[in-house]
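Numbering (this note's numbering), first residue to last: 413 to 775. Glycine residues also receive a C-beta, built at the ideal position from the N, C-alpha and C atoms. Since this is a predicted model, take the numbers as computed values, not measurements.
Here it is in structure tokens:
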């Protein structure tokens with residue numbers, strides 16, 4: 413890939429590139445973010461102590477990133493003074509400029525990939541087709557989250573795992589077990605973030621039905637039981653398979669539960685700052701906007717049923733509303749005692765505020 417096709421000027425206020433891999437292949441899971449910012453200058457860290465092999469690899473990767481940017485900017489030394497390299501995982505600045513390892517870095521440069529991210533569409537038209545061929549964590553880069561073709565990889569893996577020739581050698585019970593294991597391993601990560609389109613759900617469920625009962629594109633066989641019955645619980649006459657639409661709905665709604673429980677995680681802090689929160693720090697606000705909120709909008713759509721089926725442990729009582737939260741029965745006190753709730757003067761008070769510490773009873 414030729415980086416000059418990006419058309420990004422060297423003095424652009426912000427250009428983000430994803431730099432993957434390591435220069436020696438020892439650390440393959442690391443990820444660096446390279447930011448070009450005209451306001452920040454490079455702090456040269458020459459003579460930095462090399463305590464261990466990992467530190468050397470970090471320095472080597474930082475130098476390799478600088479050489480890549482040098483190729484984009486034409487190799488002018490004065491333009492390299494506006495580059496800042498940020499280590500995403502540890503949030504530290506790694507700016508190492510060394511003249512001794514340039515020869516080795518040039519050789520390593522030929523073996524690496526350099527992919528642009530978060531650029532405007534008009535700047536990536538020349539590489540859009542090539543960019544979508546690359547994947548990160550199993551997902552195609554640059555693809556819209558609602559596009560059905562981002563599920564092609566999941567559908568293809570399911571088809572390979574549930575190939576029709578395999579059903580000739582296993583019983584119906586073995587087929588059910590293989591369908592369950594395939595559904596529990598392959599599409600779970602992607603289904604927990606994106607909403608699966610209905611057309612993709614129909615195609616994957618057809619593959620499962622054909623594998624269980626036989627048939628396919630070349631022949632048709634009778635399905636002895638309706639698919640809705642097959643997907644019910646065993647105590648209700650089914651075999652316990654899960655419908656993809658309900659599984660996708662449950663995985664998306666689980667993020668609401670994780671938001672309430674994982675209060676120290678970075679992703680929760682990002683959502684809190686970006687969208688705000690309500691309900692005494694238990695739930696985020698609705699995502700409003702047209703750009704950059706599509707994924708969280710789909711997740712937030714599952715918040716209502718999730719909160720309706722969620723109960724709280726009182727603890728100190730300072731994070732739970734006395735009347736509107738479910739904490740002492742199967743429903744909120746406002747629903748159990750609507751007349752008392754109508755006469756209450758403090759409807760938004762917490763359990764702690766309604767409890768008298770001196771007398772040990774409610775006030």
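By the CB criterion at 8 Å, residue 658 and residue 592 fall outside the cutoff. Sorting 626, 587, 696 by C-alpha distance to the C-alpha of residue 674 places 696 at the top.
In the three-state reduction of the DSSP assignment, residue 767 falls in the strand class.
The Cβ neighbour count for residue 623, taken over all protein chains shown within 10 Å, is at least 16; the residue is labelled buried. Residue pairing from DSSP leaves residue 556 without any beta-bridge partner.
From the listed residues 606, 617, 586, the smallest Cα separation to residue 708 is found for 606.
Of all alpha-carbon atoms in 694, 588, 690, 755, the one lying nearest the alpha-carbon of residue 644 is that of 588. Taking a C-beta distance under 8 Å as the contact criterion, residue 730 and residue 762 qualify as a contact pair.
As summarised for the stretch 666 to 706, the continuous alpha helix (DSSP H) elements at least 4 residues long and confined to that stretch are 678 to 687, given in chain order. No Cβ-Cβ contact shorter than 8 Å links residue 612 with residue 570.
The alpha carbon of residue 562 has as its nearest neighbour, out of 740, 599, 595, the alpha carbon of 599. Non-local beta-carbon contacts of residue 595 in its own chain, meaning distances under 7 Å to residues more than five positions away in sequence, involve 654 in chain order. Residue 626 and residue 636 have their C-alpha atoms spaced approximately 11 Å apart. DSSP, read as helix, strand or coil, puts residue 569 in helix. In its chain, beyond the 5 residues on either side, 723, 744 have a beta carbon closer than 6 Å to the beta carbon of residue 738. When beta bridges are read from the DSSP output, residue 762 appears opposite 733. Counting other Cβ atoms within 10 Å of its Cβ, residue 685 stays below 16 and is therefore classed as exposed.
585 is the residue among 759, 672, 585 whose C-alpha sits nearest the C-alpha of residue 646.
Straight through space, the alpha carbons of residue 732 and residue 680 are spaced by roughly 19 Å. If the five residues before and after residue 706 are omitted, its C-beta is found closer than 6 Å to the C-beta atoms of 557, all from its own chain and listed in chain order.
Under the three-state reduction of DSSP output, residue 599 falls in the coil class, being neither helix nor strand.
In the structure shown, residue 611 falls within a helical segment according to DSSP collapsed to helix, strand and coil. Sequence-distant partners of residue 642 (beyond 5 residues in either direction) whose C-beta falls short of 6 Å from its own C-beta, in its chain, are 650, 651, 653. Distances from the alpha-carbon of residue 692 to those of 736, 572, 577 put 736 closest. Cβ-Cβ distances below 6 Å link residue 759 to 735 in the same chain, with the five nearest sequence neighbours on each side left out; the list follows chain order.
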